[in-house]
Amino acid sequence: MSTWISNFYHRNGTALSIFLLLSVLFWVFILIVLPQLFMMDFSFRHNLPPADIGGAKDVYTLENYQYMIYGSAQSEGSYNTVDLTVFARTLIAAIFVTLFDLAICYPIAFYLAHSAYGGAARLMVLSLIVPFWVNEILRAFAFRIMFGATGVINNFLIWAGILDQPYDFIRNDVALYAGLGYAFILLMIFPIYNTVESLDRNQIEAARDLGSPWWRIHWRVVIPYAKPGITSGCTMVFMLTAGALAAPQILGGPSSLWFTQIIYQWFNTGNNWPQGSAYAIILLATCIAFVLIMMKVFKVKLGEIAR
Amino acid sequence: MRSETFLKISVGAFVAAFFAYLFGPLIIMSLTAFNSSQFPRVTPWECFSVEWFDVLINDAKLMNGLRNSLVIGFGVILIAVPMGMAGALMLTQVGRRVRPWYYTIVISPILVPGVVLGISTLIFWDRMGRMFNAGYDSIFYDGIFLTILGQATFISAYAMLVFIARLQRFDPAQEEAALDLGATHVQTFRKVLLPFMKPAIGSAAVLAFLASFENYNTTVFTILSDETLTTVLASKVRYGINPSISALAVIIVSLTLVGAVVYEILKRREQAAAKESELVARGKVEKRRRQSPLFLDPAMIVAVLVFIAGTGTVYFAGTIGLEECKAAVLAEKRAKTERAIKERQTKEMFRQAAPTTPDPYAPAVEEAPKVEAKGTEGYRSIFAPSTLEGMAGQESEEQKENVEAKGTEGYRSIFDPGNLKGQAGTEEKKP
Amino acid sequence: MSAGVDLENVWIKFGEFIAARDVNINIKEGEFFSFLGPSGCGKTTLLRAVSGFLEPSEGMVKIGGEDMKGIGPNKRPTALIFQNLALFPLMTVWENIAFALEVKGVGKAERRKRADELLNLIALPGQGDKMVHELSGGQKQRVAIARALAAEPDVLLLDEPLSALDLKLRQHMRTELRAIQQRVGITFIYITHDQGEALTMSDHIAVMREGVIEQVADGTDMYDHPETAFVASFVGENNLFKGEVSDINGEQAVVDTNVGRVRARLASLPKERQLETGDSAFVFVRPESLKFANGAEADNRIKAKIHQEEFEGQFWQVFLNVADGAKKIKMSLVNDGSDLKHEVGADVTLTFQPELAVALPEGPLAQE
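Chains as they are written, first to last, in this note's numbering: chain A, 4 to 310; chain B, 90 to 520; chain C, 44 to 411.
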């Protein structure tokens with residue numbers, strides 16, 4: 004350790020050593036590690052008025068976590084079905100959105116990498132990026148306009164005679180899933196595109212030459228090769244979907260909640276920060292578990308996921 | 090052979106459908122900004138109008154949010170870019186055993202949900218504030234400060250990834266060469282490493298700003314009592330919508346498009362320059378003096394002209410003949426409403442004798458003459474159509490939106506006088 | 044100005060790995076000194092210790108008689124030419140050359156003037172405004188030299204600077220480097236794994252193996268009087284016969300080998316390494332020292348069968364199988380019309396003069 008410091012100093016000189024060390028220490032500890040630890044600490048405490056904080060009543064408790072499972076103390080015995088359902092629904096919906104994105108993005112990524120050339124390919128890549136830089140809220144807003152009772156889609160369906168009454172896409176969460184799927188398309192396409200692009204075309208040609216039908220070429224050659232990209236894309240999309248807040252707030256039906264919305268409520272209207280922290284920790288733990296599972300099952304490194 | 094054609098057609102159809110999914114919502118949203126209708130929609134099309142842009146610019150809340158967003162964006166650039174660079178440089182220097190741990194920690198903010206980052210930042214600084222006994226007006230409770238830190242936590246990781254990619258192409262021997270030639274460490278950093286990193290610094294700064302500008306999940310927790318553009322937008326969109334938000338979308342989409350075009354032009358120039366210098370090195374051609382400056386690039390000139398012409402055309406089209414068109418639409422609607430009222434009156438006449446239940450439309454009907462009187466004043470008539478529509482019972486959704494708007498936090502809706510001030514040009518009236 | 048470099052009892056360790064062990068070398072000022080060794084022998088590490096990028100774990104590096112401990116690379120009177128040159132890609136050629144002046148705060152006009160002078164020295168006049176990537180490999184090479192010279196170093200360190208060039212350019216640059224060194228008159232320390240480069244350019248050569256200096260000598264001594272088995276097998280080509288010393292006879296050793304009893308010159312070594320009767324020994328004979336026997340010789344007769352002959356214009360290279368056929372040896376014959384009457388497959392007897400062969404203690408050999 005001390006030799007490392009002396010080497011580090013020797014290599015960077017005084018001013019740079021100080022800049023590098025201070026920046027990294029500030030980032031790692033003040034911005035990343037300590038806030039997470041404080042949040043975790045906070046999640047094990049009672050919700051106290053400011054005057055009592057640090058006082059005799061400020062002791063550790065598991066009640067915030069128990070609440071997630073059993074509900075409030077009054078309703079003892081039964082489970083907190085509301086929150087548990089929302090939690091499960093969020094995860095299942097996130098998986099569904101991830102699979103939906105994978106299904107539509109894989110062909111596009113492959114097409115971009117191996118069928119589009121030169122200017123056209125560049126134009127396509129650029130036009131993939133453009134929607135991504137439009138504000139998240141505005142993207143959700145666009146879907147709200149599209150799927151509204153008098154929106155383009157309802158009007159079209161009525162005009163075409165498929166519907167005679169406007170269908171409430173928002174109440175039925177169709178708008179929400181379409182909007183969530185839309186929001187993270189780019190994060191699915193680019194990792195896949197990057198891996199597929201480096202695949203040698205000759206491998207595909209060779210497989211075709213051996214009489215393989217196109218679906219088998221993909222199943223046996225392209226997909227195994229693109230596995231790190233697919234894993235990375237799926238992980239990112241899942242995490243962002245499960246952690247999304249804006250789209251569920253804007254596109255979610257009145258009766259359906261997203262898990263992040265419950266957290267948000269604990270902080271804003273519920274005014275119970277420790278409870279919210281506990282829920283945030285649960286979300287965080289779920290996401291960490293998901294990443295670890297993905298790394299284990301698909302045998303990829305963390306560096307390959309976060310790029 | 091036939092199956093191949095079939096495959097080709099279906100691939101083409103799929104790509105087309107995909108891009109329709111990608112652009113359809115944005116195009117439709119953009120179009121709604123130019124429809125004079127009170128509710129953002131394309132059909133029925135009323136009048137081509139740019140008045141929603143006026144509404145947008147005169148929305149004090151949005152403009153305040155925009156100002157905060159810009160401050161935060163630049164704050165994040167100032168913190169995240171140097172920190173990301175320090176993080177990337179550190180990665181090249183930490184020991185082999187520490188490196189995976191270090192990398193996991195600094196990359197984790199990208200994977201951690203934004204809400205978690207926001208909450209942890211909020212709690213950490215709240216605790217710090219308590220520890221130092223700081224008041225609520227201190228920096229520990231400053232929404233902008235907290236938001237900058239909260240966003241910098243993960244945006245630094247984005248910046249770091251940009252720098253790592255660039256550093257992979259850096260030959261560390263260059264630093265040693267500079268030192269060996271007598272440069273100090275700071276000189277080496279400034280004259281060798283920084284110039285090499287310059288493009289990456291540019292991209293990281295743009296990326297940091299954009300990521301900060303559109304961030305919602307972290308900001309909504311750390312911003313406290315302040316507001317940024319996104320949080321204002323979000324509350325607007327949640328509690329009642331009008332096409333001025335579409336107008337904002339049009340501006341953002343066009344800025345993005347302009348950015349994309351400029352980027353493309355820059356990239357082409359870079360490639361041309363690289364090609365030329367390669368030929369020079371092989372002795373095939375003489376070196377040309379210099380590339381023409383960017384603003385003289387033909388592609389750039391064309392792009393600027395198209396942009397100016399487009400904006401101008403849209404602006405004139407959106408103002409000329411607007412009043413006539415609106416008057417016509419209004420007249421048509423009024424006629425429709427009158428028909429509806431008459432029909433109802435006729436019906437009621439038939440039901441005279443029967444005990445009447447309170448008519449939910451009654452108050453609105455009473456309001457109608459008042460509106461008609463005002464309608465002569467041109468722009469104020471904006472008030473009218475929606476009232477009439479609501480009364481006519483055609484716009485259930487719009488009505489719902491408005492009711493919702495009224496019900497929640499007294500949020501500004503189309504009925505709000507504050508919204509009218511843009512068109513009416515009256516003095517600011519806070520609700 | 045020029046300065047000598049002394050390495051005194053230098054050890055360099057990276058954890059368990061020892062990159063240099065007890066190196067003692069004295070390089071005189073104004074000398075062209077080469078470190079020659081296979082890759083991984085520690086020669087680059089030693090150079091980095093001289094330039095100041097790393098401190099020796101033990102021992103002392105002196106430049107111009109001064110201990111360099113704690114003095115960083117930017118404060119040492121050395122300039123290093125990197126293996127990959129490490130030119131600054133974002134600067135023009137002249138800015139690269141004038142970099143050392145720029146960091147000293149020399150004004151722009153002065154810098155430009157000096158850069159132009161150096162461009163003339165390296166025969167690239169008028170190329171100052173080009174970018175580095177617009178130059179060819181040999182031109183980049185020369186710019187790197189000019190850039191280092193602009194720092195007015197007392198010692199110029201060169202880390203295999205020619206390895207990236209093609210053969211023809213490499214041979215040309217050898218001559219040019221030597222010429223530049225003689226013109227500027229400063230000490231050059233040159234690192235290479237190419238013995239041709241070391242032999243043609245250097246005043247003195249140090250051969251290194253696994254962190255140890257095997258021998259320091261000038262080119263002819265290194266070739267004619269190798270002091271270790273490694274040097275004998277690494278520098279130039281050599282035929283090796285293993286055996287046991289049966290007798291020491293003044294300047295000569297008699298060694299029993301598997302091809303018979305041979306006499307060879309006894310290498311003059313420090314007392315503790317001197318061969319004695321009964322020791323295992325290696326006898327090295329250069330291909331050009333082997334001749335066909337004419338029957339008059341009493342000793343050093345080796346029976347062999349010609350396996351293959353290669354004509355190289357000036358020389359014939361003849362490959363032979365010795366004794367049981369397990370061992371191959373090589374001889375080089377000057378193409379003067381004599382001696383060349385043997386066909387492939389012929390059985391022949393070879394001989395050599397004892398003073399042209401050398402008997403050395405057994406030791407590690409260079410990898411083929």
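Virtual Cβ for every residue (Gly too), placed ideally from N, Cα, C.
In this text, all values refer to a predicted model and were calculated from it rather than measured experimentally.
Reduced DSSP category for V183 of chain B - H, G, I as helix; E, B as strand; rest coil: By one-based count along the second sequence, residue 183 of chain B stands at place 94. Residue state, collapsed to three classes: coil.
Exposure of D261 of chain C, with buried meaning 16 or more beta-carbon neighbours within 10 Å: One-based indexing of the third sequence puts residue 261 of chain C at position 218. So D261 of chain C counts as exposed.
DSSP state of A122 of chain B mapped onto helix, strand, coil: Stepping through the second sequence from its first residue, residue 122 of chain B is reached at position 33. Of the three classes helix, strand and coil, the one that applies to A122 of chain B here is coil, per DSSP.
Proximity of L179 of chain A and L254 of chain A at Cβ, strictly below 8 Å: As a working mapping, residue 179 of chain A is identified with position 176 in the first sequence. As a working mapping, residue 254 of chain A is identified with position 251 in the first sequence. Contact flag set, yes.
Contact with chain B by M42 of chain A, beta-carbon distance below 8 Å: By 1-based counting over the first sequence, the position of residue 42 of chain A is 39. Yes, its Cβ sits closer than 8 Å to a Cβ of chain B.
Cβ pair V255 of chain C, M265 of chain C closer than 8 Å: The count along the third sequence starts at 1 and reaches residue 255 of chain C at position 212. The count along the third sequence starts at 1 and reaches residue 265 of chain C at position 222. Cβ atoms of V255 of chain C and M265 of chain C: not closer than 8 Å.
Neighbour flag for G271 of chain B against chain C, beta carbons, 8 Å: Taking the first residue of the second sequence as position 1, residue 271 of chain B is located at position 182. The beta carbon of G271 of chain B sits closer than 8 Å to some beta carbon of chain C.
Closer than 8 Å to chain B by CB, S94 of chain C: As a first step, residue 94 of chain C is located in the third sequence; it is residue number 51 there, counting from the start. S94 of chain C counts as touching chain B.
Buried versus exposed call for E498 of chain B [16 or more other C-beta atoms within 10 Å across all chains shown]: Residue numbering aside, residue 498 of chain B sits at position 409 when the second sequence is read from its first letter. Any answer about E498 of chain B is weak, because its pLDDT of 37 lies below 50 and its placement is not dependable; what the coordinates show is given next. Exposed: under 16 other Cβ atoms inside 10 Å.
Selection from A:L65, A:R219 and A:M149 that minimises the alpha carbon distance to N50 of chain A: Looking up residue 50 of chain A in the first sequence gives position 47. N50 of chain A has its Cα closest to that of A:L65, out of A:L65, A:R219 and A:M149.
Closer than 8 Å to chain B by CB, E203 of chain C: Within the third sequence, residue 203 of chain C is the residue found at index 160, counting from 1. So, not an interface residue.
Cα-Cα separation between V199 of chain A and L243 of chain A, rounded to whole angstroms: Taking the first residue of the first sequence as 1, we reach residue 199 of chain A at position 196. Taking the first residue of the first sequence as 1, we reach residue 243 of chain A at position 240. Their backbone Cα atoms lie some 23 Å apart in a straight line.
DSSP bridge partner residues for P404 of chain C (one or two, in chain order): The residue labelled residue 404 of chain C in the question sits at position 361 within the third sequence. Beta-bridge pairing links P404 of chain C to C:A324.
K356 of chain B, DSSP secondary structure in three states: Position 267 of the second sequence, counting from 1, holds the residue named residue 356 of chain B. If DSSP states are grouped into helix, strand and coil, K356 of chain B belongs with the helices.
C-beta atoms of P284 of chain B and L144 of chain C nearer than 8 Å: Taking the first residue of the second sequence as position 1, residue 284 of chain B is located at position 195. Taking the first residue of the third sequence as position 1, residue 144 of chain C is located at position 101. No, the pair does not count as a contact, with Cβ atoms beyond the cut-off.
Residue-level contact to chain C via CB, E316 of chain B, 8 Å cutoff: By one-based count along the second sequence, residue 316 of chain B stands at place 227. False, the Cβ-Cβ gap to chain C never drops below 8 Å.
Contacts that M174 of chain C makes with chain B (C-beta to C-beta distance below 7 Å): Looking up residue 174 of chain C in the third sequence gives position 131. Neighbours of M174 of chain C on chain B, chain order: S366.
Span of the beta strand (DSSP E) around N281 of chain C: To locate residue 281 of chain C, count along the third sequence from 1; it is residue 238. Per DSSP, N281 of chain C belongs to no beta strand (DSSP E) and is neither H nor E.
Within-8 Å CB hit, E275 of chain A to chain B: To locate residue 275 of chain A, count along the first sequence from 1; it is residue 272. The question names Glu, yet the displayed sequence has Asn at residue 275 of chain A. It does not: the Cβ of N275 of chain A has no partner Cβ on chain B nearer than 8 Å.
Residue interval of the alpha helix (DSSP H) (run including Q410 of chain C): As a working mapping, residue 410 of chain C is identified with position 367 in the third sequence. Membership of Q410 of chain C in any alpha helix (DSSP H) is not indicated, and neither H nor E is assigned to it by DSSP.
Nearest candidate by alpha-carbon position, reference F358 of chain C, set C:N364, C:K334 and C:V377: Along the third sequence, one-based indexing puts residue 358 of chain C at 315. Minimum Cα distance to F358 of chain C is reached at C:V377.
Test: V275 of chain B CB closer than 8 Å to a CB of chain A: Here the question's residue 275 of chain B lines up with position 186 in the second sequence. With 8 Å as the cut-off, V275 of chain B counts as an interface residue toward chain A.
Beta carbon of A46 of chain C nearer than 8 Å to that of I114 of chain C: The sequence position of residue 46 of chain C within the third sequence is 3, counting from 1. The sequence position of residue 114 of chain C within the third sequence is 71, counting from 1. Their beta carbons are not under 8 Å apart, which means A46 of chain C does not touch I114 of chain C by this criterion.
Same chain only: Cβ atoms within 8 Å of Y305 of chain B, ignoring 5 sequence neighbours per side: The count along the second sequence starts at 1 and reaches residue 305 of chain B at position 216. The answer, listed in chain order, is G203, T319, T320 and A323.
Contact between the segment 72–80 of chain C and the segment 233–253 of chain C (3+ Cβ pairs under 8 Å): yes
Beta-carbon neighbours of F163 of chain B, restricted to chain A and to distances below 8 Å: Taking the second sequence and counting its residues from 1, the one referred to as residue 163 of chain B is at position 74. Simply none; closest approach about 18 Å.
Sequence-distant residues of the same chain with beta carbon closer than 7 Å to K86 of chain C, five excluded per side: Looking up residue 86 of chain C in the third sequence gives position 43. For K86 of chain C, where only same-chain residues beyond five positions count, the Cβ hits under 7 Å are F78, G80, I234 and M251.
Any chain B beta carbon closer than 8 Å to C237 of chain A: Translated into the one-based positions of the first sequence, residue 237 of chain A becomes position 234. For C237 of chain A, the answer is no, since every Cβ of chain B falls outside 8 Å of its Cβ.
Interface partners of F285 of chain B on chain C, CB under 9 Å: Indexing the second sequence from 1 puts residue 285 of chain B at position 196. Near F285 of chain B (Cβ distances below 9 Å), the residues of chain C are F131, P132 and L133.
Same chain, Cβ closer than 6 Å to S280 of chain A, neighbours up to 5 away in sequence not counted: As a working mapping, residue 280 of chain A is identified with position 277 in the first sequence. The beta carbon of S280 of chain A sits closer than 6 Å to those of M42, F45 and S46, all from its chain and outside the five residues before and after it, given in chain order.
Extent of the continuous beta strand (DSSP E) to which Q360 of chain C belongs: Start at 1 with the first residue of the third sequence, and residue 360 of chain C comes out as number 317. Here the beta strand (DSSP E) through Q360 of chain C covers F358 to V365.
Cutoff 8 Å: Y114 of chain A Cβ touching any chain B Cβ: Stepping through the first sequence from its first residue, residue 114 of chain A is reached at position 111. Yes, because at least one Cβ of chain B sits closer than 8 Å to the Cβ of Y114 of chain A.
Helix, strand or coil at V137 of chain A according to DSSP, with G and I counted as helix: Mapped onto the first sequence, residue 137 of chain A falls at position 134. Looking at V137 of chain A - three-state DSSP - the assignment turns out to be coil, as it is neither helix nor strand.
C-beta contact flag for I35 of chain A and T242 of chain B at 8 Å: Here the question's residue 35 of chain A lines up with position 32 in the first sequence. Here the question's residue 242 of chain B lines up with position 153 in the second sequence. Contact flag set, yes.
V281 of chain B at chain C interface by Cβ criterion, 8 Å: Taking the first residue of the second sequence as 1, we reach residue 281 of chain B at position 192. Yes, V281 of chain B lies at the interface with chain C (some Cβ there is under 8 Å from its Cβ).
Exposed unless 16 or more other CB atoms sit within 10 angstroms - verdict on Y185 of chain A: Counting from 1 along the first sequence, the entry for residue 185 of chain A is found at position 182. The residue in question, Y185 of chain A, is buried, as its Cβ has 16 or more Cβ neighbours within 10 Å.
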